[in-house]
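These protein sequences, in sequence, are chains L and H. The numbering of the first sequence is UniProt numbering, which starts it at 1 and goes up by one. The numbering of the second sequence is UniProt numbering, which starts it at 1 and goes up by one.
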Amino acid sequence: MLVVEYLSAGYKKKQVLNEVSLNFPEGEFTTLMGANGCGKTTLLHAISGLLPVQSGHVQLNDEPLLKLSRKEVAKRLALLPQVATSPAGLTARELIMQGRFPWQSWWRQWSDQDEKAVNEAVEVTGVSDYLDTPLEQLSGGQRQRCWIAMTLAQDSPVLLLDEPTTYLDVAHQAELMNLISSLKSKGKTIIAVLHDLNQAATYSDRLVMMKAGQVYCEGEVETVFTKDNLQQVFGLDAHIVRDPHNDNPIALPVVDANVSVNKQSDIQSAKKLEGELRV
Amino acid sequence: MMMEVHSPSYITQRLSLSRLSGAFVLCVVLLLASFVHLSVGAKSLDWMTIWHALTAYDPSDLDQAIVRESRQARLLVALMVGAALALAGVIMQAISSNPLADPGLLGINSGAAFFVVASLLFLPSLSHHYLPVFAFLGATFAALLVMALSGSQQNSERLILAGVAITALFASMTAILLLIDQQGLDKLRHWLTGAIGASDLKKLEWVYPYLLGAVLYSFVLVRSLNAFHLGERVAASLGVNVMLLKLSGLVLVVILSGSVVAVAGPIGFVGLVVPHMARLLIRNGYVWLFVYSLLLGALLLVLSDIAARMILRPYEINTGIVTAFVGAPVFIALVLGKMR
Chain L
1 MLVVEYLSAG YKKKQVLNEV SLNFPEGEFT TLMGANGCGK TTLLHAISGL
51 LPVQSGHVQL NDEPLLKLSR KEVAKRLALL PQVATSPAGL TARELIMQGR
101 FPWQSWWRQW SDQDEKAVNE AVEVTGVSDY LDTPLEQLSG GQRQRCWIAM
151 TLAQDSPVLL LDEPTTYLDV AHQAELMNLI SSLKSKGKTI IAVLHDLNQA
201 ATYSDRLVMM KAGQVYCEGE VETVFTKDNL QQVFGLDAHI VRDPHNDNPI
251 ALPVVDANVS VNKQSDIQSA KKLEGELRV
Chain H
1 MMMEVHSPSY ITQRLSLSRL SGAFVLCVVL LLASFVHLSV GAKSLDWMTI
51 WHALTAYDPS DLDQAIVRES RQARLLVALM VGAALALAGV IMQAISSNPL
101 ADPGLLGINS GAAFFVVASL LFLPSLSHHY LPVFAFLGAT FAALLVMALS
151 GSQQNSERLI LAGVAITALF ASMTAILLLI DQQGLDKLRH WLTGAIGASD
201 LKKLEWVYPY LLGAVLYSFV LVRSLNAFHL GERVAASLGV NVMLLKLSGL
251 VLVVILSGSV VAVAGPIGFV GLVVPHMARL LIRNGYVWLF VYSLLLGALL
301 LVLSDIAARM ILRPYEINTG IVTAFVGAPV FIALVLGKMR
């Protein structure tokens with residue numbers, strides 16, 4: 001279990017996180033949600049030690065993480081930051097092999113264990129067909145799979161994913177979310193930042209809604225994903241309906257009454273125009 | 001259909017083999033260039049004389065003495081200066097994630113040069129052994145100034161502009177110093193345009209421990225640099241201590257370019273051009289990028305030094321001027337390519 005206690009962090013002029021306390025149960029998929037600037041990404045960075053913490057603790061199975069060296073942290077937590085670019089000249093295989101960085105040192109080069117971890121990551125993510133293709137020649141979805149494979153090769157019990165589906169088209173988003181969700185069966189604890197409310201509600205076990213650097217509410221999807229909470233956290237007026245296939249909650253933003261009226265009038269005027277053109 | 005999947009180690013072995021043979025070819029070319037370098041000059045020497053001078057030296061033979069006493073030193077200086085500048089360039093481009101970074105363009109060479117000139121002028125009694133130390137101080141000072149001016153955002157245009165401004169500042173301050181001291185002017189002016197001819201083996205003795213240490217240490221950083229190539233955040237989450245890496249890189253650049261300035265003056269553009277040449281041959285992986293850059297840098301400087309002595313025979317032009325002639329068009333091409 002990953003435990004965060006009274007964590008405060010931020011940048012020079014602005015404190016972003018304010019005494020956040022959270023538990024992330026082992027083997028579960030937790031999604032951090034909230035409006036832009038609420039501190040989701042900052043929380044991921046603070047947990048993984050990318051950002052110095054002002055106060056508070058982070059513990060993984062009773063071991064304090066903040067005192068460990070960067071490499072030791074990397075063996076326990078793999079963070080996939082928001083990645084928009086692909087490094088030039090690298091093939092998919094070379095990228096994935098970099099995931100073994102924390103396990104190597106200049107006296108301990110590539111080992112059987114490294115090879116095994118890479119092969120397993122390749123298999124799970126299904127990227128074996130384009131291992132020797134330069135990253136810049138891959139589609140966005142394929143590339144993102146390679147990045148996930150790299151974090152898997154890191155062989156850490158906890159995965160932190162910062163908006164893994166951003167920049168992908170809808171089909172690739174669904175594909176990637178299915179992949180990420182399947183990693184739970186490998187025993188991974190997954191913490192993700194997702195922007196899409198319905199993806200979050202569908203794939204996560206638990207939701208954490210954040211507002212202004214603090215946890216507004218957290219818990220199982222059913223208890224947290226409510227009309228009131230969405231209103232308070234996002235300022236969004238939405239109906240909650242059910243997916244007819246699996247009964248998962250889905251948020252549908254309330255549509256202004258005049259939208260449908262306009263649509264009607266649009267159709268009418270279009271028909272009228274069509275008639276005029278025929279004459 | 002089953003695809004044949006090679007294991008990672010098989011692929012890396014195959015890659016290393018082609019890279020190893022490439023490095024071998026470069027070594028041979030470098031050896032040939034070195035022979036040419038030894039043979040040309042005010043008096044042309046044939047290859048047999050050079051061979052004898054190197055293998056079975058006979059001090060009574062005047063031609064052999066030319067090789068051993070003067071040309072050999074000049075060759076060694078050219079080799080070391082070229083290799084060191086190229087390595088400084090790769091490291092600088094890596095840690096600043098900026099393909100235009102170069103110790104010459106970013107003011108580090110001119111900062112080192114200013115401190116060396118100032119120390120020669122104001123502390124004339126000081127042993128010349130301390131020259132590299134002043135060069136390091138100047139290089140560090142210039143690097144800190146450029147970093148402060150370029151701001152915390154990683155804006156590559158701003159970094160280059162800051163570098164150009166600092167280069168101009170130190171160049172003009174050096175010019176003022178030279179105006180004060182008219183007597184030393186001639187000797188220093190020669191050195192300030194990057195003169196290998198003016199330097200001798202003794203100067204190399206002051207700096208070679210620094211250079212050797214820097215080259216060895218840069219290979220220690222290779223794995224971290226490979227991870228850093230994926231981006232700063234990714235590297236940090238893979239376990240790289242990014243602050244330490246950047247600091248180490250900067251110290252290496254300061255030592256490499258400071259040593260070169262102390263020996264041969266500010267020679268520009270080698271650090272800019274060579275890494276790009278090496279990247280045409282090596283797509284990624286800093287071990288081989290370093291090896292190729294060291295070889296190509298040495299080769300470029302040996303060839304430039306040959307040209308410097310051939311173009312206006314019997315006169316010589318400074319090697320730094322030749323590298324600028326080669327480097328400036330490449331720089332312009334890189335900037336144009338970046339803007340497109």
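Beta carbons are placed, not taken as given, at the ideal position from N, Cα and C, and that holds for glycine.
Per-residue contacts from residue i into chain H (C-beta, under 9 Å)
i: L:R76; result: In chain order: nothing, as chain H lies at least about 10 Å away.
i: L:E120; result: Within 9 Å Cβ-Cβ: nothing; L:E120 doesn't reach chain H, min ~13 Å.
Within 8 Å, strictly: CB atoms of residue i and residue j
i: H:L281; j: H:G82; result: no
i: H:T55; j: H:V117; result: no
i: L:R76; j: L:L60; result: yes
i: H:V240; j: H:S218; result: no
i: H:V274; j: H:L296; result: yes
i: H:T319; j: H:A195; result: yes
i: L:R206; j: L:E220; result: yes
i: H:L204; j: H:L301; result: no
i: H:V263; j: H:V207; result: yes
i: L:P164; j: L:A192; result: yes
i: H:I91; j: H:V253; result: yes
i: L:G213; j: L:V58; result: no
i: H:L257; j: H:L85; result: Note on identity: in this sequence residue 257 of chain H is Ser, with Leu being the wrong assignment. In this structure, H:L85 lies closer than 8 Å to H:S257 by Cβ.
i: L:S183; j: L:Q144; result: According to the sequence displayed, residue 183 of chain L carries Leu and not Ser. It is not a contact, given that the beta carbons lie outside the stated cut-off.
i: L:V124; j: L:M97; result: no
i: H:V36; j: H:I306; result: yes
i: L:G89; j: H:R283; result: yes
i: H:G271; j: H:D102; result: yes
Proximity test, Cβ basis, 8 Å: residue i and chain L
i: H:G104; result: no
i: H:A236; result: yes
i: H:G249; result: no
i: H:N109; result: no
i: H:N284; result: yes
i: H:V5; result: Confidence in H:V5 is poor, its pLDDT being 49 and thus under 50, which makes the residue's placement unreliable; the coordinate value appears in the next sentence. Closer than 8 Å to some Cβ of chain L, the Cβ of H:V5 qualifies, so yes.
i: H:N226; result: yes
i: H:M1; result: Bear in mind that the predicted position of H:M1 carries a pLDDT of just 37, short of 50, making it too unreliable to give a figure here.
For residue i: DSSP bridge partner residues
i: L:P249; result: L:R242
i: L:L207; result: L:T31 and L:G219
i: L:I190; result: L:F29 and L:L159
i: L:S55; result: L:S8
i: L:L90; result: DSSP output for L:L90 lists no bridge partner at all.
i: L:L17; result: L:A9
Under the three-state DSSP convention, the category residue i falls into
i: L:G10; result: strand
i: L:R108; result: strand
i: L:E120; result: helix
i: H:A56; result: coil
i: H:H229; result: coil
i: H:A42; result: coil
i: H:M1; result: Summary for H:M1: the model assigns pLDDT 37, below 50, so the residue's position carries little reliability, and this model does not support an answer.
i: L:H195; result: coil
i: H:G213; result: helix
i: L:L2; result: strand
i: H:Q93; result: helix
i: L:N229; result: helix
i: H:A324; result: helix
i: H:A298; result: helix
i: L:P134; result: strand
i: L:F24; result: strand
Chain C within 8 Å of residue i, Cβ atoms only
i: L:G89; result: Absent from the structure is chain C; the protein chains it does hold are L and H.
Proximal residues of chain H, C-beta to C-beta of residue i below 7 Å
i: L:P164; result: Within 7 Å Cβ-Cβ: nothing; L:P164 doesn't reach chain H, min ~13 Å.
i: L:L79; result: S237
i: L:Q15; result: Result: empty, since nearest Cβ-Cβ is about 18 Å, beyond 7 Å.
Proximal residues of chain L, C-beta to C-beta of residue i below 9 Å
i: H:V287; result: Those within 9 Å of H:V287 in chain L number zero; the least Cβ separation is about 11 Å.
i: H:R223; result: F101, Q104, S105 and W106
i: H:N241; result: S69, R70 and K71
i: H:V220; result: W106
Interface residues of chain L facing residue i [CB-CB closer than 8 Å]
i: H:H229; result: P87 and L90
i: H:V90; result: The contacting residues do not exist; H:V90 stays about 14 Å from chain L at best.
Beta carbon proximity, residue i to chain H, threshold 8 Å
i: L:V73; result: yes
i: L:E136; result: no
i: L:Q98; result: yes
i: L:Q154; result: yes
i: L:E94; result: yes
Where residue i meets chain L, residues with beta-carbon distance less than 7 Å
i: H:R233; result: L50 and P81
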